[in-house]
Every structure is written in C-alpha cells, then in structure tokens.
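A.B. asks: Numbering (my numbering), first residue to last: 4 to 293. All residues carry an ideal CB built from backbone N, CA and C; glycine is no exception.
#1: On a Cα-Cα basis, can you pick out the residue from 176, 161 and 263 that is closest to residue 151?
#2: Taking contact to mean at least 3 C-beta pairs separated by less than 8 Å, is the region 107-126 in contact with the region 134-152?
#3: Please confirm whether residue 59 and residue 79 have their CB atoms less than 8 Å apart.
#4: When the Cα of residue 153 is compared with those of 64, 228, 171 and 146, which residue comes out closest?
#5: Measuring straight from C-alpha to C-alpha, what distance separates residue 145 and residue 168?
#6: Under the criterion of a Cβ to heavy atom distance below 7 Å, does residue 227 qualify as lining the ligand GDP?
#7: Taking a contact to mean a Cβ-Cβ separation below 8 Å, would you say residue 253 touches residue 293 in this structure?
#8: Who pairs with residue 265 in a beta bridge, going by DSSP?
#9: Note down, in chain order, each residue of its chain lying with its Cβ closer than 8 Å to the Cβ of residue 101, except the 5 sequence neighbours on either side.
#10: Let me check understanding here. Comparing Cα to Cα, which of 83, 77 and 52 lies closest to residue 15?
#11: Would you call the region 217-230 and the region 240-248 in contact, with 3 or more CB pairs under 8 Å?
#12: Assuming residue 163 contacts residue 221 under a Cβ cut-off of 8 Å, what Cβ separation, rounded to an integer in Å, is found between them?
#13: How far does the beta strand (DSSP E) with residue 293 in it reach, from first residue to last?
#14: Classify residue 279 as helix, strand or coil using the three-state DSSP reduction.
#15: Expressed to the nearest angstrom, what Euclidean distance is found between the alpha-carbon atoms of residue 271 and residue 205?
#16: Determine the extent of the alpha helix (DSSP H) in which residue 112 is found, giving its start and end residues.
#17: Among 106, 99, 96 and 74, which one has its Cα closest to the Cα of residue 88?
#18: Rounded to the nearest angstrom, how far is the Cβ of residue 213 from that of residue 262, given a contact under 8 Å?
#19: On the three-state DSSP scale, how would you describe residue 46?
#20: Considering just the uninterrupted stretch of the alpha helix (DSSP H) at residue 194, what are its terminal residues?
#21: Can you tell me the Cα-Cα spacing of residue 193 and residue 166, whole angstroms?
See the structure below:
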C-alpha cells in the first residue's frame, strides 16, 4: 500500500508520579521535514480531568477495514489506566490542533461492564473498537475487553463471556484470517500501583499467562503459563496478514516468546532471552533486561 507521508504524530503525555498537578494531554508533533517546527510539539490538548493516566492510543478505524473505501482514521481513542475514563479525540477536522469530541465516564464502564483500568485499544474487523482492561472497578485483577461502537463511540458492553475473563490482562492483537486473538497478562492494578516488590512475584500480582481466543466466537481456547518470573506484556503478530505467528515480550525474565499455530492449536517457544545485569543501588542485585 502507498499513502502520503505522515505530517504529524500524536503522543499521550501523563503527569502521574510527578509534582505537577495538571491534567494529562495529547501532544501533536510536527513531522514535516520542510516545516520550521519539525520535531517540535506544536499543540497540546489537555484532558478535562486530573489523574487519568493516559496510556495507549488507537484509531477509531483500523487497517483491517481496508475493504471499506469510506473508512477514515479521523478519531483517536484514549483509554485511561487509572481513572478508567475513555476520551475520543477528533484529529480529522484539524489534524494539527485536535479537539476532544466525546468522553465516557468511569461510572459507565463500571456499571455496564464491571471493568476498569483500561490499557490497550485496537479497532476490530467489523469496525467496532476493542479496549483491554487490567482490573475490576475496585482495582482487583480482572482481564478481558470492553467494546465501543465504531461509529457512535457508545459503550456496548463486554466482549467476552463473564465466566471466561482472565485473572489479569494488558495487551492484545489478532489475525482475522486465522480467527485468533492473543492477549497478555498484565498486573493487578491496586497492588502494582504501590511499586515493584519482589515478594509480589509469588502472590499473583504479576500475570503469567498468554491467552488464545477464538476471535469470532469470543471464547478462550488456550492458556500458556510462562512462569512466575515472566510478566508477558507487549503482543505483536507479524505484519503479514497470512502469518500465523508473532511474539510477546516478558518483563522481569527478559524473555521474548514466539507463539505460532501448530496444526489446529497454538504453541509457544522461547526465542530470545536478554540476560540480567548486576547492578548496585537498585531494589535487586540484578536488573532484568526487560
């Protein structure tokens, strides 16, 4: 595919764990090499609330909707890790000065989905928007996903069956041609907010699972326990839409696992391990490579 080069980039910026009592903001960065402001922040869109912790961002329409010629990437979805709020930003009307166009309050997410602590967002093949969550409204561990309507951005509800929600959650990605969605584990929000404690490794604060879902049926089909010293986070398939393989990076252990389709089921294998380094002045005598 060919497309014009991007002229701006959007970056979520948070003030959490700083002395600045201001709302998080979406920064617009100039990417035009011919511009006098190249590489600089040219606009800031502050959120209307404090202590949201903007995390990731995702388009209201994705590359999987390529067969719909009317699809436009003109809305940016910003889920919040701490407040559980969701912002929808209009980047189509003025790409260099985006505006907030919709806000879903935490109470709506809590009551309708019994979910909270929102992390990663991707658009689905049907045009709806899928957002992963890390916990329940009280901050206990609870994985799974919530769904937004791709046109109205109204909250539709949970994606998976309630009985199949994993104990923790964080990132995900999918391959429609193989009818699969892979999700990672994450952390228990109310415990992770207190900072890293090595003793938590054996208390279930850090998720260990890699989950395999049937994309069309929205059912959990397989789980892989990657060990108590692994915290699976970022999940990525190969860019080839026919490829039935990808990778997940694990904090603490420094391992990157390859997941792949083997006949009718999925398997995992260790691909890379980044060795820990001996350090001083840190909480442990060895610092993980990831």
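C.D. replies: Quick look at the numbers:
#1: The residue with the shortest Cα to Cα distance from residue 151 is 161.
#2: Taking a cut-off of 8 Å for Cβ pairs, the region 107-126 and the region 134-152 touch, as three or more such pairs fall below it.
#3: Between residue 59 and residue 79, the C-beta spacing is not below 8 Å.
#4: Here the closest residue by C-alpha is 64.
#5: Their backbone Cα atoms lie some 7 Å apart in a straight line.
#6: As far as ligands go, the structure on display features none, and thus does not contain the ligand GDP.
#7: Yes. Within cutoff.
#8: Note: residue 265 sits in a beta bridge opposite 268.
#9: Within the same chain, residue 101 has close Cβ partners 13, 29, 31, 46, 48, 79, 92, 93 and 94.
#10: Ranking 83, 77 and 52 by Cα distance to residue 15 puts 83 first.
#11: Too few Cβ pairs lie closer than 8 Å, so no.
#12: So it is a contact: roughly 5 Å between Cβ atoms.
#13: Careful: residue 293 lies outside any beta strand (DSSP E) and carries neither H nor E.
#14: In the displayed model, residue 279 falls within coil according to three-state DSSP, outside both helix and strand.
#15: Residue 271 and residue 205: Cα-Cα distance of roughly 23 Å.
#16: For residue 112, the enclosing alpha helix (DSSP H) starts and ends at 109-116.
#17: The shortest Cα separation from residue 88 among 106, 99, 96 and 74 belongs to 106.
#18: Contact between residue 213 and residue 262 is confirmed by a C-beta separation of about 7 Å, below the 8 Å threshold.
#19: Three-state DSSP puts residue 46 in a strand.
#20: Run containing residue 194: 192-195, per the alpha helix (DSSP H) assignment.
#21: So the alpha carbons of these two residues sit roughly 22 Å apart.
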